[in-house]
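>
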Amino acid sequence: MADGRKRFGISRRLLLGAAVLGGAAAWGGTTLARLARDPSGAKDAGRIADIDGVSLPLEPLANPPAYDPSLPWLSKGGNINDASALSRTPVYGVVAVSEEDHVARALAFARQNGLKVSMAAVRHSMGGQAFDDNALVLDMRKFNKVTVDAEAKTMTVQPGATWHDIQNMLHPRFAVKAMQSTDIFSVGGSISVNAHGMDHQAGSVAGSVQSMRVMLADGSIVTCSGSENAELFRHVLGGYGLFGVVLEAKLDVVDNAVYQTSREIIRSDDFPAFFAEHLEQDRNIGLFYGHLSTAPGNFLEDMIVYRYDKVADQPPADMPALDEPDGVGMKRAIMNLAKLGDTFQSLKWYAEKNLEPKFESCTVPRTAAMGEGEACLVTRNNPMHDSVPYLFNDLAYETDILHEYFVPRGEYDAFIAGARGVLRRQDLPVLNASVRIVHREDVALTYAPEPAFALVLYINQSADDAGNAKMRALTRAMIDLTLKHRGRFFLPYQLHFTRAQLLASYPELPAFLAKKREVDPGELFQSTFYRALKTAVGVA
2 MADGRKRFGI
12 SRRLLLGAAV
22 LGGAAAWGGT
32 TLARLARDPS
42 GAKDAGRIAD
52 IDGVSLPLEP
62 LANPPAYDPS
72 LPWLSKGGNI
82 NDASALSRTP
92 VYGVVAVSEE
102 DHVARALAFA
112 RQNGLKVSMA
122 AVRHSMGGQA
132 FDDNALVLDM
142 RKFNKVTVDA
152 EAKTMTVQPG
162 ATWHDIQNML
172 HPRFAVKAMQ
182 STDIFSVGGS
192 ISVNAHGMDH
202 QAGSVAGSVQ
212 SMRVMLADGS
222 IVTCSGSENA
232 ELFRHVLGGY
242 GLFGVVLEAK
252 LDVVDNAVYQ
262 TSREIIRSDD
272 FPAFFAEHLE
282 QDRNIGLFYG
292 HLSTAPGNFL
302 EDMIVYRYDK
312 VADQPPADMP
322 ALDEPDGVGM
332 KRAIMNLAKL
342 GDTFQSLKWY
352 AEKNLEPKFE
362 SCTVPRTAAM
372 GEGEACLVTR
382 NNPMHDSVPY
392 LFNDLAYETD
402 ILHEYFVPRG
412 EYDAFIAGAR
422 GVLRRQDLPV
432 LNASVRIVHR
442 EDVALTYAPE
452 PAFALVLYIN
462 QSADDAGNAK
472 MRALTRAMID
482 LTLKHRGRFF
492 LPYQLHFTRA
502 QLLASYPELP
512 AFLAKKREVD
522 PGELFQSTFY
532 RALKTAVGVA
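In terms of this note's numbering, the sequence shown is residues 2 to 541.
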């Protein structure tokens, strides 16, 4: 009997163990599937509704005007949000712009009825920069024609065109000169924030814009450039859509050069010297970016330097069409697992250091004309043609927020050391950290009054009051650190800064707002972000 009981006990433990293992496997499989799946729709997690404690929501219109039936309404009333999912805002309506006349008629309708106007496209700014309470919103996504002048090496672009579609049009002969490091943004949005990216020599978008046609608040159309209406030009570039509607812009394009790819792991503290000695003076390096470790063992200490050295001005005749990113589900799962703690952060860094090179996509055909043996070759368009689909997920209870801080180049080491301390003392997961190069930017509301290094952070938070409070505290701590090192923070993100921090970072803001009221005295063009700026300066 005793032996029988023993055999029964062993069997029970085995069954229990098998059940636990089976449950763990099922949980793991279900969890991984959830972390890897595509978004089921746009996130809408509410609204952060103040600037430094001052409430921003407006009362609904008491007597909203009747909708003009001749305008192409995408929606009448309703709410709008942005990539943060934390800017839900009620609007008067959204007009789907697809031609210049739609803009003119929408502005006339707004003037006649006392409405404010905002411009939006893909809405990847994160603090109400593209819309406002009760505003008539111009959705520019279908206003997206592109023409290329091959002889002049320019393209004329309507603001709703995305860099993704532009690259498909330019490839294989030409490439974009300046844009963000991913191609999901619209040209109008990039102009409005004066975006910058992977080409450390080309600088920001402003440096590639030859001229623009802009419709002002009164419906008149003005051409502006560095030599014609230059002050308007300086204010529209990086002006967050507050001075007029960009109808089209003429931008430089460049040859779709062939690059040999390489990567090197260095210490973050060695980066300024590495940049000066190996990158800055080498005109043959077409693209570069530095990716910092977010693993707990060497947080912001190691850096992978990716570089693209030119080996030919043009790709071979048999260059294939641009491809879309692969392995999206796996990349998304790795990114989302990194939100769960140190172990997964370390796993993510291990994959970036050791596994990523094995899956590198070398897109240029191995032809004798290239003469580079077994080197990995890509064209300029390939690394810039990334719509980062793995960053978008189906986790409705959380969101991922961008930060960007610019410091003079001589302040880099002390700033990074301070950033390590600030970020280690808080518990929001830092998913990505990278370093970019910016030049002195001669625009009215500049983020770089002198050459700078930029620290770009991608940070996860829960989409609730606790998550918002943590993100606000972290943002303010990072801004204080940046100001200590004579730097500035980037404005397209959440409105978590204090009024004092904003004015310390952008002392030219009062003059910028005065110019806004000079160009647009009725303040037709408005956004939640604009009202936040006015609140900070104390303008009624």
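Idealized CB from N, CA, C, for every residue including glycine.
Give the DSSP-derived three-state secondary structure of Phe-407 in the structure shown.
In this structure, Phe-407 counts as strand in the three-state DSSP scheme.
> Output the boundary residues of the alpha helix (DSSP H) element that contains Gln-346.
343-351
> Going by the beta-carbon positions, is the gap between Asp-134 and Pro-73 smaller than 7 Å?
no
> If Leu-238 sits next to Val-444, beta carbons under 8 Å apart, how far is it from one beta carbon to the other, in whole angstroms?
5 Å
> Please go through the region 136-181 and give each complete alpha helix (DSSP H) segment of 4 or more residues, from N-terminal end onward.
Fully enclosed alpha helix (DSSP H) runs of 4 or longer: 164-171.
> Report the three-state DSSP secondary structure of Gly-523 (helix, strand or coil).
coil
> Is the region 255-266 touching the region 305-317, taking contact as three or more C-beta pairs under 8 Å?
yes
> What does the alpha-carbon distance come out to for the pair Ile-480 and Ser-506?
Their Cα atoms are separated by approximately 9 Å.
> Taking the CB atoms as reference points, tell me whether Asp-387 and Arg-38 lie closer together than 7 Å.
no
> To the nearest angstrom, report how far apart Ala-467 and Ala-50 are at their CA atoms.
So the two alpha carbons sit approximately 15 Å from each other.
> Strictly by DSSP, which residues pair up with Met-199?
Paired residue(s): none; Met-199 is not in a bridge.
> Here's the rule I'm using: 16 or more other beta-carbon atoms within 10 Å means buried, otherwise exposed. How should Val-423 be labelled?
exposed
> Going by DSSP in three states, Glu-399 sits in which element: helix, strand or coil?
strand
> So His-292 is in the beta strand (DSSP E); what residue range does that whole segment cover?
286-293
> Alpha helix (DSSP H) containing Leu-458: first to last residue?
Counting along the chain, Leu-458 falls outside any alpha helix (DSSP H), though it belongs to the beta strand (DSSP E) covering 453-463.
> Let me check understanding here. Comparing Cα to Cα, which of Val-254, Arg-410, Ser-226 lies closest to Gln-168?
Val-254
> At what residues does the beta strand (DSSP E) containing Gln-261 begin and finish?
259-268
> Using the Cα positions of Val-147 and Val-158, report the straight-line distance between them to the nearest angstrom.
5 Å
> Using DSSP's beta-bridge definition, name the partner residues of Phe-490.
Tyr-406
> When we look at the beta-carbon of Lys-77 and count the other beta-carbons within 10 Å, is it buried (16 or more) or exposed?
exposed
> Tell me, to the nearest whole angstrom, how far the beta carbon of Leu-534 is from that of Leu-504; I am working on the premise that it is less than 8 Å.
Actually they are not in contact, since the Cβ atoms of Leu-534 and Leu-504 sit about 10 Å apart, beyond 8 Å.
> Near Asp-150, which residues of its chain fall below 6 Å by C-beta distance, leaving aside the five closest residues on each side in sequence?
none
> Nearest CA to the CA of Ser-193: which residue from His-486, Asn-382, His-236?
Shortest Cα-Cα distance from Ser-193 to any of His-486, Asn-382, His-236 involves His-236.
> Given a cut-off of 7 Å, decide if Leu-36 and Asn-383 are closer than it, judged by their beta-carbon atoms.
no
> Quick test of your reading: Gln-211 and Thr-163, contact by CB under 8 Å. State the CB separation rounded to the nearest angstrom.
Contact doesn't hold; Cβ gap of about 20 Å is too wide.
> Does the count of Cβ pairs from the region 410-428 and the region 99-108 closer than 8 Å reach three?
Between the region 410-428 and the region 99-108, the count of C-beta pairs closer than 8 Å stays below three; the two stretches do not touch.
> Should His-440 and Gly-240 be called a contact, given that it needs their Cβ atoms to be closer than 7 Å?
no
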